[in-house]
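Step one of this worksheet: look at the structure below.
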Amino acid sequence: MTDLATLSARQYRLLDATSKLLGVALVAGGLEAGGSTPTGLVLALAGVACATATVFLTHE
Numbered sequence: 001m002t003d004l005a006t007l008s009a010r011q012y013r014l015l016d017a018t019s020k021l022l023g024v025a026l027v028a029g030g031l032e033a034g035g036s037t038p039t040g041l042v043l044a045l046a047g048v049a050c051a052t053a054t055v056f057l058t059h060e
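Going left to right, the sequence shown walks through residues 1 to 60 as the UniProt record's numbering numbers them.
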């Protein structure tokens, strides 16, 4: 059975770097919107989810 979440090393590095940068940008946007406001919390949580998304992928 093949794993559908398997990427080449190059694809993984690109996706990993992109997701980390997007996650940091979303967390920064959440802090700018106000860390204790609902908008700020949603942006921060989305940033954390985006930044950790590649943890569940495998690469060759």
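Don't be surprised by glycine CBs; every beta carbon is placed ideally from N, CA and C.
Pair within 8 Å by beta-carbon distance, T39 and A46
Not closer than 8 Å, so no.
Rounding to the nearest angstrom, what Cα-Cα distance links S8 and S36 in this structure?
Straight-line measurement puts the Cα of S36 at about 39 Å from the Cα of S8.
Given this structure, state the Cα-to-Cα distance separating T6 from A17, to the nearest angstrom.
Computed Cα separation, rounded: 16 Å.
Under the rule that 16 or more other beta-carbon atoms within 10 Å means buried, what is V55, buried or exposed?
With fewer than 16 other Cβ atoms from the protein chains shown falling within 10 Å of its own Cβ, V55 counts as exposed.
Tell me the DSSP secondary structure of L57 in three-state form.
Coil.
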